[in-house]
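Novice:
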Amino acid sequence: MREFCIVPAFSVLVFVLTAVLAQTGRTAIVTACDQGLAIQGPPGPAQTPAGSSPVVTEELIAEKDPSAPVDDEEDVVSRDGRKAAWRTSRANKWAVMLNGERQAGEFDEVHWLIFSRDGQHFAFRARSGKTWLVVLDAQESPQRFDEILGPVFSPDGVRLAYAAKRDKKWFVVVDSHVPETSYDKVELPLFSQDGRHVAFCAKRAGKWVVISDGKEVGPQFDELVLGMFSPDGQRLAYVGRRGGKWMVALDGKEGPPLDLLGGLAFSSDSRRFSYAGADVHKGMGGSKARGRVVVDGEAGPEFEGNAVGTFLQNLAAGGVKEIVLGYHFSLFSNIHGVTAPVFSADGSRVAYAAHRAKDDAAVIVDGQPGPKFPSIVGGPVFSADGRHVAYVVSDEGVKTLVVDGERVGSGCVPGTDFVFQIVFAPDNRRVGYIGVNGGSWYEQGFTTRARRRVYVDGKAGAEYQAQGLAGLRFSPDSRHVTYVVHRLEESSRTVSFVVVDTTEGKRYDYVIAATLNTLDDGATTYVAQAGRKFLRVTQPVQ
1 MREFCIVPAF
11 SVLVFVLTAV
21 LAQTGRTAIV
31 TACDQGLAIQ
41 GPPGPAQTPA
51 GSSPVVTEEL
61 IAEKDPSAPV
71 DDEEDVVSRD
81 GRKAAWRTSR
91 ANKWAVMLNG
101 ERQAGEFDEV
111 HWLIFSRDGQ
121 HFAFRARSGK
131 TWLVVLDAQE
141 SPQRFDEILG
151 PVFSPDGVRL
161 AYAAKRDKKW
171 FVVVDSHVPE
181 TSYDKVELPL
191 FSQDGRHVAF
201 CAKRAGKWVV
211 ISDGKEVGPQ
221 FDELVLGMFS
231 PDGQRLAYVG
241 RRGGKWMVAL
251 DGKEGPPLDL
261 LGGLAFSSDS
271 RRFSYAGADV
281 HKGMGGSKAR
291 GRVVVDGEAG
301 PEFEGNAVGT
311 FLQNLAAGGV
321 KEIVLGYHFS
331 LFSNIHGVTA
341 PVFSADGSRV
351 AYAAHRAKDD
361 AAVIVDGQPG
371 PKFPSIVGGP
381 VFSADGRHVA
391 YVVSDEGVKT
401 LVVDGERVGS
411 GCVPGTDFVF
421 QIVFAPDNRR
431 VGYIGVNGGS
441 WYEQGFTTRA
451 RRRVYVDGKA
461 GAEYQAQGLA
471 GLRFSPDSRH
481 VTYVVHRLEE
491 SSRTVSFVVV
501 DTTEGKRYDY
511 VIAATLNTLD
521 DGATTYVAQA
531 GRKFLRVTQP
541 VQ
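Residue numbers (this note's numbering): 1 to 542.
Below, the structure is given as structure tokens:
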């Protein structure tokens with residue numbers, strides 16, 4: 001099963017990321033299920049072990065035909081949980097089924113099954129002989145190409161685009177229109193949120209440029225690695241490399257060159273823009289990153305991370321052996337000097353963590369530093385109302401949540417390596433987060449399985465030796481908490497299930513976390529796969 005998603009242009013979609021964990025500084029596998037934010041909340045009563053499974057209601061969405069693989073990474077479900085699509089094979093030919101109905105003909109290969117966000121449209125790419133085509137809503141495109149990347153839908157589902165190669169030249173096809181302009185190479189296109197604009201990276205004569213609405217914008221680079229439209233679609237930002245330096249370009253204007261960059265972000269109103277960067281200074285005594293945040297084009301003060309390179313320095317940096325240059329999705333204050341800044345929901349406030357000296361780190365909110373802690377290893381994040389700031393600190397190996405400068409709860413259980421996916425409840429008072437104890441195999445990237453548990457109001461829940469916990473959320477009234485346990489080995493099978501409060505749901509082969517929907521009464525709906533069946537499940541509060 002592949003969780004449905006759209007891959008943006010000049011961005012890197014990573015299902016398994018290798019990340020430097022600031023909590024320990026060690027390198028570890030971080031799965032897509034391990035990505036999240038941080039939060040607040042007063043201590044609450046201790047959680048009890050998970051209870052018996054409740055009686056769930058199941059509705060059949062579709063059932064795979066006998067010729068289809070039982071477990072296929074191309075399986076996909078619409079975001080609304082009402083449609084399922086899969087590949088089926090017969091006599092060395094492949095076809096695509098949607099809720100049991102075949103989409104177009106048979107092909108030699110089919111890949112990249114994708115629904116539009118509203119679930120009203122469906123597309124995939126297919127190979128017939130030596131040429132590739134796109135199938136949209138069961139209709140085969142008349143255009144044929146030597147190679148195709150994509151396709152991708154616009155967020156409103158109205159438009160479709162993909163990258164295509166013909167006669168050694170690449171194009172970006174939008175709404176079935178093949179342009180006259182071609183390039184040596186292009187990347188997957190990106191739509192703005194309103195679907196009115198489309199941009200992509202293109203290579204010509206050894207240099208990369210950004211093409212937006214058919215026009216070249218901004219400077220040329222040796223490499224382009226990330227891009228995003230502002231929420232209103234009027235601004236475009238991306239990261240490029242020229243020589244050994246990296247820089248951010250916003251609205252076609254280039255920022256200062258740096259050794260590494262991370263955390264590009266627009267405010268929700270599109271008026272503000274931020275990121276963090278650092279230069280790395282190497283010497284006989286090791287390497288140090290000197291980082292600063294950039295908000296609305298203004299660089300903040302410089303902060304220096306821990307030295308990395310020698311044995312003792314590596315211990316101080318948590319085991320990190322070198323500072324990796326380039327673009328990072330996240331920066332860590334104990335290594336890079338700062339974290340990437342974050343905006344409050346209304347864009348009026350900004351916060352980041354800074355490493356000021358040995359055992360001296362603080363979160364800086366609107367330019368004002370908060371209390372001193374030995375190390376800040378997660379966050380900061382704002383509550384939805386922007387009134388509270390939460391982050392995770394590490395003191396003598398104990399990871400503890402801090403809200404508005406005050407510690408919350410007694411900290412994670414001993415052995416917890418890191419904390420992530422911390423979320424505020426809608427009332428901005430309760431808080432949940434996930435703690436992980438990975439062990440040496442996890443930290444070295446040999447497995448994604450680790451000991452994981454959810455904490456609610458500072459109290460630990462049941463521990464699961466699973467590949468991931470995902471979809472952590474509160475009910476609209478903030479009284480109930482829900483999450484998915486992914487790939488837990490139980491007896492002779494691997495199972496996934498949903499936990500509501502402390503009660504575990506029915507076991508399935510796979511639960512699609514992106515379809516989780518928590519109702520006002522705490523009941524949860526989601527899509528699960530059981531053998532060849534796709535089921536819409538309603539799980540009540542026990």
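Even for Gly, the Cβ is constructed at its ideal location relative to N, Cα and C.
Have a look at VAL248, ARG271, GLY243, GLY252 and flag the residue whose alpha-carbon is nearest the alpha-carbon of LEU264.
Specialist: It is VAL248.
Novice: What is the rounded straight-line gap between the Cα of GLU74 and the Cα of ARG87?
Specialist: Using only the alpha carbons, I get a separation of about 7 Å.
Novice: I need the straight-line Cα distance from ILE211 to VAL217, nearest angstrom please.
Specialist: Taking the straight line from one Cα to the other gives about 6 Å.
Novice: May I ask which residues mark the beginning and end of the alpha helix (DSSP H) holding ASN92?
Specialist: That residue, ASN92, is in no alpha helix (DSSP H); it is neither H nor E in DSSP.
Novice: Rounded to whole angstroms, what's the CA-CA distance from VAL537 to ALA523? Just pull it up for me.
Specialist: Whole-angstrom Cα-Cα distance: 10 Å.
Novice: Can you tell me which of ASP194, ALA425, ALA470, ASP501 puts its alpha carbon nearest to the alpha carbon of GLY461?
Specialist: When each option's Cα is compared against that of GLY461, the closest is ASP501.
Novice: Would you list the one or two residues that DSSP bridges to TRP112?
Specialist: DSSP lists no partner for TRP112.
Novice: Taking C-beta to C-beta, are ALA528 and SER496 nearer than 9 Å?
Specialist: Yes, these two residues count as a Cβ contact at 9 Å.
Novice: Report yes if the CB atom of GLY227 is closer than 9 Å to the CB atom of LEU190, and no otherwise.
Specialist: Cβ distance < 9 Å, so GLY227 and LEU190 count as in contact.
Novice: Taking the runs of the beta strand (DSSP E) that are 3 residues or longer, which of them lie wholly in the region 341-414?
Specialist: For the region 341-414, whole beta strand (DSSP E) runs of length 3 or above, ordered along the chain, are 350-357, 360-365, 376-382, 389-395, 398-403, 406-408.
Novice: Excluding the five sequence neighbours on either side, which residues of its own chain have a C-beta within less than 7 Å of the C-beta of ARG196, listed in chain order?
Specialist: Here the set comprises GLY233.
Novice: Using a Cβ-Cβ cutoff of less than 6 Å, which residues in the same chain neighbour ASP175 once the five nearest sequence positions on both sides are dropped?
Specialist: Excluding residues within five positions, the ones whose Cβ falls inside 6 Å are ARG159.
Novice: Considering Cα atoms alone, identify which of GLY379, THR448, ASP417 is closest to GLU396.
Specialist: When each option's Cα is compared against that of GLU396, the closest is ASP417.
Novice: Whose CA, out of ASP118, GLU58, VAL77, TRP94, lies closest to the CA of SER67?
Specialist: Cα-wise, what sits closest to SER67 is TRP94.
Novice: May I have the straight-line CA-CA distance separating TYR433 from ASP385, to the nearest angstrom?
Specialist: So the alpha carbons of these two residues sit roughly 19 Å apart.
Novice: Do VAL294 and GLY277 have their C-beta atoms within less than 9 Å of each other?
Specialist: Going by C-beta atoms, VAL294 is nearer than 9 Å to GLY277.
Novice: Per DSSP, what are the beta-bridge partners of VAL280 in this structure?
Specialist: In DSSP, VAL280 forms a bridge with ALA289.
Novice: Quick one: Cα of ILE323 to Cα of ARG204, how far?
Specialist: C-alpha separation (whole angstroms): 31 Å.
Novice: Who are the near neighbours of ASP80 in its chain, counting only those whose CB is closer than 7 Å to its CB and skipping five residues on each side?
Specialist: Cβ within range, chain order: GLY119.
Novice: Rounded to the nearest angstrom, what separates VAL408 and ALA530 at their Cα positions?
Specialist: Using only the alpha carbons, I get a separation of about 40 Å.
Novice: Per DSSP, SER128 forms a beta bridge with which residues?
Specialist: For SER128, which the question treats as bridged, DSSP gives the partners THR131.
Novice: Taking 8 Å as the limit between beta carbons, can you name the residues of its chain near GLU544, skipping five residues before and five after?
Specialist: With the chain running from 1 to 542 in the structure shown, residue 544 is simply not present.
Novice: Between SER330, GLU406, GLY305, ARG452, which has its C-alpha nearest ASP360's C-alpha?
Specialist: Comparing Cα-Cα distances from ASP360 to each of SER330, GLU406, GLY305, ARG452, the minimum goes to GLY305.
Novice: Please tell me whether THR416 has its Cβ less than 9 Å away from any Cβ of chain B.
Specialist: The displayed structure is made up of one protein chain only, and chain B is not part of it.
Novice: For LEU535, which residues does DSSP report across the bridge?
Specialist: According to DSSP, LEU535 bridges with LEU60, ALA528.
Novice: Got a sec, what are the start and stop residues for the alpha helix (DSSP H) HIS336 sits in?
Specialist: Residues 333-336.
Novice: Buried or exposed: which applies to VAL70, given that a residue is buried once 16 or more other Cβ atoms fall within 10 Å of its Cβ?
Specialist: The residue is exposed, with fewer than 16 neighbouring Cβ atoms inside 10 Å.
Novice: Taking PRO476 as the reference, give the member of ASP520, ALA123, GLY438, GLU223 with the closest Cα.
Specialist: Minimum Cα distance to PRO476 is reached at ASP520.
Novice: What residue does the beta strand (DSSP E) around HIS486 start on, and which one ends it?
Specialist: HIS486 -> beta strand (DSSP E) spans 481-490.
Novice: Who does SER582 pair with in a DSSP beta bridge?
Specialist: Any question about residue 582 goes unanswered here, given that the chain covers just 1 to 542.
Novice: If you draw a straight line from the alpha carbon of VAL55 to that of ASP259, how long is it in whole angstroms?
Specialist: Roughly 55 Å between the two C-alpha positions.
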